Amino acid sequence: MSKEPTSSILLQAGTMLGLSSLKFPPVVKTEINLVLVLVTVLGFWTRLRNLSYPRAVVFDEVYYGQFVSLYMKRVFFVDESGPPLGHMILAFGAYLGGFDGNFPWNRIGAEYPSSMSVWGLRLLPAVCGALCVPLAYLLQLELGSSHYAALGASLLILMENSLIVQSRFMLLESVLIFFQLLSFFSYWRFYNASNSCSRYLWLIVAASSCAGAVGVKYVGVFTYLLLLGIASVHTWQLIGQRAVSHLRVFVECGCRAVCLVVLPVLLYVFCFYVHLTVLRHSGPHDQLMSSAFQASLEGGLSRITRGQPLEVAYGSQVTLRSSSSQTIPCWLHSHKANYPIRYEDGRGSSHQQQVTCYPFKDVNNWWIIKDPGRQELVVNTPPRPVRHGDVIQLLHGMTSRFLNSHDVAAPMSPHAQEVSGYIDFNVSMVMQNLWRVDISNREAESEVWKTIVSDVRLVHVNTSAALKLSGGTLPEWGFGQLEVVADRVSRAHHSSLVWNVEEHRYGTSHEQKEREVELHSPTHIDVHPNISFLSKFIELQRKMLTVKQEESEHKYSSCPLEWISMTTNIVYWLHHSTNAQIHLIGNLVSWGMANLSLAAYQLLALWYLLRRRRAIRDIPEASWCQFQRVGVVCVGGWLVNFLPFFLMENTLFLYHYLPAYTFLLQLLPAVLEHAHTHLLSGKSQHRAGCVSAFAGLCSVYLCYKSFSPLTYGSPELSANQLQALRWQPSWDILYRRP
Numbered sequence: 081m082s083k084e085p086t087s088s089i090l091l092q093a094g095t096m097l098g099l100s101s102l103k104f105p106p107v108v109k110t111e112i113n114l115v116l117v118l119v120t121v122l123g124f125w126t127r128l129r130n131l132s133y134p135r136a137v138v139f140d141e142v143y144y145g146q147f148v149s150l151y152m153k154r155v156f157f158v159d160e161s162g163p164p165l166g167h168m169i170l171a172f173g174a175y176l177g178g179f180d181g182n183f184p185w186n187r188i189g190a191e192y193p194s195s196m197s198v199w200g201l202r203l204l205p206a207v208c209g210a211l212c213v214p215l216a217y218l219l220q221l222e223l224g225s226s227h228y229a230a231l232g233a234s235l236l237i238l239m240e241n242s243l244i245v246q247s248r249f250m251l252l253e254s255v256l257i258f259f260q261l262l263s264f265f266s267y268w269r270f271y272n273a274s275n276s277c278s279r280y281l282w283l284i285v286a287a288s289s290c291a292g293a294v295g296v297k298y299v300g301v302f303t304y305l306l307l308l309g310i311a312s313v314h315t316w317q318l319i320g321q322r323a324v325s326h327l328r329v330f331v332e333c334g335c336r337a338v339c340l341v342v343l344p345v346l347l348y349v350f351c352f353y354v355h356l357t358v359l360r361h362s363g364p365h366d367q368l369m370s371s372a373f374q375a376s377l378e379g380g381l382s383r384i385t386r387g388q389p390l391e392v393a394y395g396s397q398v399t400l401r402s403s404s405s406q407t408i409p410c411w412l413h414s415h416k417a418n419y420p421i422r423y424e425d426g427r428g429s430s431h432q433q434q435v436t437c438y439p440f441k442d443v444n445n446w447w448i449i450k451d452p453g454r455q456e457l458v459v460n461t462p463p464r465p466v467r468h469g470d471v472i473q474l475l476h477g478m479t480s481r482f483l484n485s486h487d488v489a490a491p492m493s494p495h496a497q498e499v500s501g502y503i504d505f506n507v508s509m510v511m512q513n514l515w516r517v518d519i520s521n522r523e524a525e526s527e528v529w530k531t532i533v534s535d536v537r538l539v540h541v542n543t544s545a546a547l548k549l550s551g552g553t554l555p556e557w558g559f560g561q562l563e564v565v566a567d568r569v570s571r572a573h574h575s576s577l578v579w580n581v582e583e584h585r586y587g588t589s590h591e592q593k594e595r596e597v598e599l600h601s602p603t604h605i606d607v608h609p610n611i612s613f614l615s616k617f618i619e620l621q622r623k624m625l626t627v628k629q630e631e632s633e634h635k636y637s638s639c640p641l642e643w644i645s646m647t648t649n650i651v652y653w654l655h656h657s658t659n660a661q662i663h664l665i666g667n668l669v670s671w672g673m674a675n676l677s678l679a680a681y682q683l684l685a686l687w688y689l690l691r692r693r694r695a696i697r698d699i700p701e702a703s704w705c706q707f708q709r710v711g712v713v714c715v716g717g718w719l720v721n722f723l724p725f726f727l728m729e730n731t732l733f734l735y736h737y738l739p740a741y742t743f744l745l746q747l748l749p750a751v752l753e754h755a756h757t758h759l760l761s762g763k764s765q766h767r768a769g770c771v772s773a774f775a776g777l778c779s780v781y782l783c784y785k786s787f788s789p790l791t792y793g794s795p796e797l798s799a800n801q802l803q804a805l806r807w808q809p810s811w812d813i814l815y816r817r818p
């Protein structure tokens, strides 16, 4: 019996499996864009070389480093300047470098210890800054520009000194710019791709990048809204295409909505989930948060409130914390001091015991919940819980004065009623000390008043005024404590009206002296109030958006209009004994040319629009569409990253302009290419245009080279050389003369 050759058997098997059309061995062919590879390598070289120099804290590293240390120690914090993704990225780089969080970050210029991986701290911002160079190249290609214009855009970003400086340190602008460029490149790759399911991977990348931009800094939301607007226009155009079936239009719209609306929101929320999961320990920012939030953290308030009775009962000893969104937390407080007989403005007072809001934990913050119909001040067995709608009295634990209000004007808020601890002076002013419990977040009308989780308004029975933190600060006679009033005209759910029980225990002492000893003793009883992630997320969002940062003038702060001309630089680092230094100074040549390109584009756009209104088509329709795409992305990107700063009250610096400026650098080569293609005629003009563009690029390089010592901090320059680099008289360049 003859045997068939092995090759014949394999061929028959392949035929049976339907693989006869495949070639063996399989061959994969690929194309490599050497220009893209070159600009990528140069991007990494300019951003990563000698990254550990200087081994000292540089400008805002002193700010972000504190958050990195807190991440390493899993300690909760609130940064009101922005969401946590940027901090987490910096912390991840520090973790890869083996940083343990033990560094003080107390001053600019402090030397890093030799055991600390400075390279790891600065790695990820530098990588993001390096990747912006090839992303600029790829984005220009997707916008319809030629490879020459794309190369020009990448080289401008490559040689931009300010972008290099900002990306070589533990700062966030390079991370923000990376996500912004990646989002636009991915979206246009999706839009330009053929009709295939795989192109939606690019849309997912675009949506994820938008979420990343917003997660790094809130200003990234404007870039996201711009991209969402572009996608909405494209979707509207798709709906109007009659050749596309109804089913496909429905599927396309649904997929785009899920990818560009739902996915970014989910990723943004997930970012906070990771943030709150990692930061599980109590920290210095706890007191900004509610009692329930604090109690969910390990240590701190949770050690005090662990095991507290959940239900507030008659006879309970409590501290009442204001839920006001002010930066400083405070507790309802009283002490052995009376209101002055007359205030500074001549108005008279009740001269009764002061009731205030005190921003520190103190034994005078304790109050006893009393049933008006009974005399006892201890909790019965079984305890009788206080419910929504019940009328109670609040007795101050240390002075035994009832919380009282009456028709007397408050000291700092004359439109509201004074709140006091009642003293019987044997005059006509009678006691009015009944308060109705109003649980604003109740789920049922018979809701029980609960420790920490119940938001309560205390409504004065006689006058229907609610106990309120007014926001005023009492003068010296009130020891600078915060004013508490009873306000009749108040919004029902305003945070200054809401109080919650933070510390709570069941009172057991019948005599005043025994009760004072009990109030001085710490609470050590053991429950965890439950608080959901969603509740913590919403509260944290509210705090980050409403808590105002302390405003302070800074030597290197600037206003947005000054950014266009770069009249202010920023000294990032100075060597303690030599002239070596690092400054945030942009490439003045490309800075000026980018401004000119913006003006040129606006004039050209106005000219074309007026001509097209007159039915005159100066350029082909395809070129007009490409011109519009460039304008929407580059000019639009500049506007949404620049104009919002005019509405901000925060201290601003030149680096806030860098995201907007990056889009302007993208505009410059596109405008030059458009002028070369459609405005110049004849070989001589084309040649002159090419020579001018090349000369401009050489000028950019020479400027980059000139300022490189101030970009990298080396080599050290002499005093005369530094003085020669002061191209603007407003720049602050420091030097030591020999």
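The sequence shown begins at 81 in the numbering used here and counts up one residue at a time. The C-beta atom is built at its ideal place from N, Cα and C for all residues, glycine as well. Since this is a predicted model, take the numbers as computed values, not measurements.
Spatial distance of residue i from residue j (CA atoms)
i	j	result
His-314	Leu-347	24 Å
Leu-797	Trp-653	14 Å
Leu-116	Pro-214	6 Å
Val-780	Leu-231	14 Å
Arg-279	Arg-269	8 Å
Tyr-175	His-355	15 Å
Phe-617	Leu-782	50 Å
Leu-281	Val-324	22 Å
Phe-258	Glu-598	59 Å
Asn-513	Pro-724	50 Å
Arg-481	Gln-397	14 Å
Gly-200	Gly-145	12 Å
Leu-305	Leu-814	42 Å
Gln-661	Ser-226	39 Å
Ser-810	Leu-676	22 Å
Cys-714	Leu-318	24 Å
Assigned exposure category for residue i - 16 Cβ within 10 Å defines buried
i	result
Met-239	buried
His-468	buried
Phe-302	buried
Ala-545	buried
Arg-585	buried
Val-137	buried
Ile-448	buried
Leu-219	buried
Met-196	buried
Ser-276	exposed
Where residue i falls: helix, strand or coil (DSSP)
i	result
Ile-662	strand
Cys-437	strand
Asn-445	helix
Ser-589	coil
Asp-366	helix
Cys-317	The question names Cys, yet the displayed sequence has Gln at residue 317. Helix.
Gly-551	strand
Arg-522	coil
Gly-469	coil
Ala-190	coil
Trp-579	strand
Trp-718	helix
Own chain residues within Cβ distance below 6 Å of residue i, not counting five before or after
i	result
Asp-487	none
Ala-572	A caution first: Ala-572 carries a pLDDT of 49, below 50, which makes its placement in the model too unreliable to give a value.
Ser-376	Ile-611
His-608	Note on His-608: pLDDT 47, under 50, position unreliable in the model; no value is reported.
Expected contact under 8 Å - CB spacing of residue i and residue j to nearest Å
i	j	result
Ser-429	Ile-421	7 Å
Trp-835	Val-541	In the structure displayed, the chain extends from 81 to 818; residue 835 sits before or after that span and is not available.
Pro-465	Ala-524	Not a contact, Cβ separation roughly 13 Å.
Ala-372	Arg-336	That pair is no contact at about 39 Å.
Ser-404	Ser-575	5 Å
Sequence-distant residues of its chain with Cβ nearer than 8 Å to residue i (five each side left out)
i	result
Val-119	Val-213, Pro-214, Tyr-217, Leu-231, Ser-234, Leu-235 and Leu-238
Pro-496	Checking the displayed sequence, the identity of residue 496 turns out to be Ala instead of Pro. Excluding positions up to five away in sequence, the list reads Ala-489, Ala-490, Ala-545, Lys-548, Ser-550, Val-565, Ala-566, Asp-567 and Arg-568.
His-758	Asp-698, Ile-699 and Ser-703
Nonlocal neighbours in the same chain, by C-beta distance under 7 Å from residue i, ignoring five residues either side
i	result
Phe-733	Tyr-636, Ser-637, Ser-638 and Ile-650
Ile-169	Leu-204 and Val-255
Pro-134	Trp-653 and Gly-793
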